[in-house]
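Chemist: Below is one structure. I have some questions about it.
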């Protein structure tokens, strides 16, 4: 009753060096019989769980393969010599375990699907030299016979070699170059599916993985996998009907294969983007889907329960005759055996329990593999295809809320006949023909803007992504995602342009649970850090991945902004927290990639100014930052200067995935003519003795963002001391007023327009007043140095009596909030925040009144 571990199984296959072949073959069969009998007893007595059974069975197969390969390699090498490549390096057979062996989840009486390979062409080094191809072909045949031949002592494992390149017609063994060439030029979708679980169970795994990973896991999201997997399932279902396999618990409805399809679908689609999904065991994949919110955790728990039930049942069917079967028995005798093993009182109760699991699996499978849309969209399809007359098309559009019917009919015709659409591959064209009727219907139901606008914006998006068949497949497979993108495009042209520039973001629309969930900065940092670690060593991949991460997070914030009642302050908080996380992880990642670093952790900090410092970031904001360090190493200035430059390049480089952020470093000591990075001491010296008033104004909104916390604390202390210095109120008042006047002269709006940011009584006036109050009053009221935002500081100044009228302070705070909201909405609409001169009169009057009170004495 003892528990076997993988290492115990390996030890069973140790054999004497000069053992006879007949004795070796007998021993490995007896080991298999003894171990399987042991496993059956443990399993049926409840001493071994499913995980133990498949682990030990898989270990048995791997150990048997290794023993046979080692045994016959030595025998063949005695005759022909050691196989070597052109440079003289010895070569080894690579045995690829496919299917459940590859996934370390082998059945107790399963075939093992194998593929044989070796690394390089060459010859053996013996007196009787043969090619490596010949050597490994001979070795492969010996291994198959050792495992598969039935002798008086039985067999070890049935071996199936049909998954190799070109199937039964192909060479038994091929080198890795030939393997790569085959899958690049001839590989089919079902072979991608099969290779998800493929791994080297004997021989060098790294070399094999390097060849096969790009074939299985595409660089971009691959939603065409839906159609491929659906086609494969249809073929299986057709086979089930023809062979009358409805009682087959693997291939029949709600069977094992449907659970595997669910797991492997996500691997095919997302495995290239999510390395965590490049794993083999089905249960581990399901756990990953739950951990990453790709499937609800409760659904995954239910699927796992049913999968384990079906797999345990499958083992019991195989225990009866040591046959690979998944068919429920017909005979009363065999049904009796099965009932004893599963513990049900009778066949009816057994079938009732089984059907609970099959119904559950089928329900989940059908929900994920929905049939392609078959809604009654004949009129919409005819409108898109141009088979309606112009008059009929305009009438349909008018009846469904479109107001520019003539323009829309012309636009559809122009789009349909455009060179871009006409040159699409057939598959993409079919996808677009499937999508357009849905788009016409969905756009007609929009309320945030006219159907015409919704259609035009979304059609622009579709045209920009139509050459990427996978994105069309995504929207075709998920009509809910299409409906959501239409709503977002209808609400904001900026969103439409953003998704057009980064179409990979369409994937984010599939999971509403995560799309509309507020960002958690701590969790974001964990996820981004893990992703950077997974891509360590590949700087280009890291840069792209961080950009994808940022774009996806921004889309989530924008979706919540447009589709929920999230207030502006929350939007800015989330955008600022996102920038903080990206800066923090960037500092870690860029430093790890630095070839000349002298410490594991840099003594370096990033300080945020402006909207980043004040946590008021918008969608299009750049990052005002400076860099500080505190390190007395001999070459510290040089090292940190190069480090700062690399961080700046990391953010501003335009890669295939776009831009991370634009950064502005002009607020560093001495501006553009100053050093890129300063010591803490030099920064303090500059601020105390050289800084201009506007630089002290800027520091009122500055804060530590990323890097060494002790340097951050030193900066905060310098900032506090600086802001609390006594100042000449009159001189400061005059300098700030003069500076503001110069800015107004440089930004004169049209006579009948009000520029919300720069205009008299606008945003900048509020910010200047708050900065003036902090600089003149913090010596007496140090609580004004808290970086709590302009609105809260206005309220605090009123509470302290620094603004005589609390009502006026509140009016200015409200005006500031209204201005920010207007600017925010203007950006989403792709517009400038400029309004007619007769608008916002009350808000502007309040700001001007407070300005007069502070700067002109009332």
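Residue numbers (this note's numbering): 14 to 871.
Each residue gets a CB set at the ideal place from its N, CA and C atoms; glycine is no exception.
Values in this document were obtained by computation on a predicted structure and should not be read as measured data.
Exposed or buried, residue 692, counting other C-beta atoms within 10 Å across all chains shown (16 or more means buried)?
Modeler: By the neighbour-count rule (16 or more Cβ atoms within 10 Å), residue 692 is buried.
Chemist: Could you name the residues of the same chain whose beta carbon sits closer than 6 angstroms to that of residue 519, not counting the 5 residues immediately before and after it, in chain order?
Modeler: Cβ neighbours of residue 519 beyond the five flanking positions: 484, 487.
Chemist: With residue 641 as the anchor, note down where its beta strand (DSSP E) starts and where it stops.
Modeler: Element bounds for residue 641: 636-642.
Chemist: Where residue 137 and residue 94 are concerned, what is the direct C-alpha to C-alpha distance, given to the nearest angstrom?
Modeler: Taking the straight line from one Cα to the other gives about 5 angstroms.
Chemist: Would you give the residue range spanned by the beta strand (DSSP E) that residue 848 belongs to?
Modeler: From DSSP, the beta strand (DSSP E) with residue 848 extends over 847-849.
Chemist: Suppose only complete runs of 4+ residues qualify. What are the alpha helix (DSSP H) ranges in the stretch 267-355, listed by chain order?
Modeler: With a minimum length of 4 residues, the continuous alpha helix (DSSP H) runs that stay inside the stretch 267-355 are 269-283, 295-304, 310-334, 345-355.
Chemist: Quick test of the definition: if touching needs 3 or more C-beta pairs under 8 angstroms, does the stretch 225-233 touch the stretch 265-278?
Modeler: Contact fails: fewer than three Cβ-Cβ distances are below 8 angstroms.
Chemist: Could you name each continuous alpha helix (DSSP H) segment of 4 residues or more that falls completely within the stretch 512-564, going from the start of the chain to the end?
Modeler: The stretch 512-564 contains these whole alpha helix (DSSP H) runs: 525-528, 534-547.
Chemist: Tell me, please, which residues DSSP counts as bridged to residue 127.
Modeler: 110.
Chemist: Nearest-angstrom Cα distance between residue 19 and residue 117?
Modeler: Computed Cα separation, rounded: 11 angstroms.
Chemist: Nearest CA to the CA of residue 680: which residue from 652, 659, 636?
Modeler: Comparing Cα positions, the closest option is 636.
Chemist: Can you round the beta-carbon distance between residue 89 and residue 152 to whole angstroms, since I take them to be within the 8 angstroms contact cut?
Modeler: That belief holds up - the Cβ atoms of residue 89 and residue 152 are roughly 6 angstroms apart, short of 8 angstroms.
Chemist: Is there contact here, the stretch 189-208 with the stretch 454-470, by at least three beta-carbon pairs under 8 angstroms?
Modeler: Counting Cβ pairs under 8 angstroms, fewer than three are found: no touch.
Chemist: Is residue 330 closer than 8 angstroms to residue 339 when the C-beta atoms are compared?
Modeler: Closer than 8 angstroms, so yes.
Chemist: What do you reckon, are the CB atoms on residue 120 and residue 327 nearer than 8 angstroms?
Modeler: Contact: yes.
Chemist: Once DSSP output is grouped into helix, strand and coil, what is the label at residue 719?
Modeler: Reduced to three states, the DSSP call for residue 719 is strand.
Chemist: Should residue 586 be labelled buried (16 or more other beta-carbon atoms within 10 Å of its own) or exposed?
Modeler: Buried.
Chemist: On the premise that residue 570 lies in contact with residue 532, defined as a C-beta separation below 8 angstroms, what is that separation, rounded to the nearest angstrom?
Modeler: Right, the Cβ-Cβ distance comes to about 7 angstroms (below 8 angstroms), so this counts as a contact.
Chemist: For residue 114 versus residue 125, is the C-beta spacing smaller than 8 angstroms?
Modeler: Cβ atoms of residue 114 and residue 125: closer than 8 angstroms.
Chemist: Excluding the 5 residues preceding and the 5 following residue 819 in the sequence, name in chain order all residues of the same chain whose CB lies nearer than 7 angstroms to its CB.
Modeler: So the list reads 811, once near-sequence residues are dropped.
Chemist: With a threshold of 8 angstroms, are at least 3 pairs of Cβ atoms found where one atom belongs to the stretch 773-784 and the other to the stretch 696-703?
Modeler: With a cut-off of 8 angstroms, the stretch 696-703 and the stretch 773-784 do not count as touching, because too few Cβ pairs lie within range.
Chemist: Provide the residue span of the beta strand (DSSP E) that contains residue 187, from first to last.
Modeler: Its beta strand (DSSP E) spans residues 186-188.
Chemist: Give the straight-line distance between the Cα atoms of residue 103 and residue 84, rounded to the nearest whole angstrom.
Modeler: In a straight line, the C-alpha of residue 103 is about 17 angstroms away from that of residue 84.
Chemist: Could you tell me if residue 609 is buried or exposed, where buried requires 16 or more neighbouring beta carbons within 10 angstroms of its beta carbon?
Modeler: When all chains shown are included, residue 609 counts as exposed.
Chemist: How far does the beta strand (DSSP E) with residue 620 in it extend, from its first residue to its last?
Modeler: Run containing residue 620: 617-622, per the beta strand (DSSP E) assignment.
Chemist: Tell me the rounded alpha-carbon separation between residue 370 and residue 322.
Modeler: Near 8 angstroms, if we compare the C-alpha coordinates of residue 322 and residue 370.
Chemist: Could you tell me which uninterrupted beta strand (DSSP E) segments, each at least 3 residues in length, are contained entirely in the stretch 431-501, listed from first to last along the chain?
Modeler: List check, beta strand (DSSP E) in window: nothing returned.
Chemist: Ignore the nearest five residues each way along the sequence and tell me which others in residue 826's own chain have a CB closer than 7 angstroms to its CB.
Modeler: Correct list, in chain order: 804, 807, 808.
Chemist: Which of the three DSSP states is assigned to residue 181 in this structure?
Modeler: The answer is helix: DSSP assigns residue 181 an H, G or I state.
Chemist: Determine the DSSP secondary structure at residue 767, reduced to helix, strand or coil.
Modeler: Looking at residue 767 - three-state DSSP - the assignment turns out to be strand.
Chemist: Look up residue 871 in the DSSP assignment and say whether it is helix, strand or coil.
Modeler: Note on residue 871: pLDDT 49, under 50, position unreliable in the model; the coordinate value appears next. Of the three classes helix, strand and coil, the one that applies to residue 871 here is coil, per DSSP.
Chemist: To test your reading of the DSSP string, which unbroken alpha helix (DSSP H) runs of 4 or more residues are found completely within the stretch 731-803?
Modeler: Listed in chain order, they are 742-759, 776-790.
Chemist: In three-state terms, what does DSSP make of residue 874?
Modeler: No information on residue 874 is available, as it lies outside the stretch 14 to 871 that the chain covers here.
Chemist: Residue 704: which of 502, 684, 530, 472 sits nearest, CA to CA?
Modeler: Checking every option, the nearest Cα to that of residue 704 belongs to 684.
Chemist: Taking the beta strand (DSSP E) that residue 215 falls in, what are its first and last residues?
Modeler: That run of the beta strand (DSSP E) goes 212-215.
Chemist: Assuming residue 213 contacts residue 109 (C-beta within less than 8 angstroms), just tell me the rounded distance between them.
Modeler: About 6 angstroms separates the two Cβ atoms, so the contact holds.
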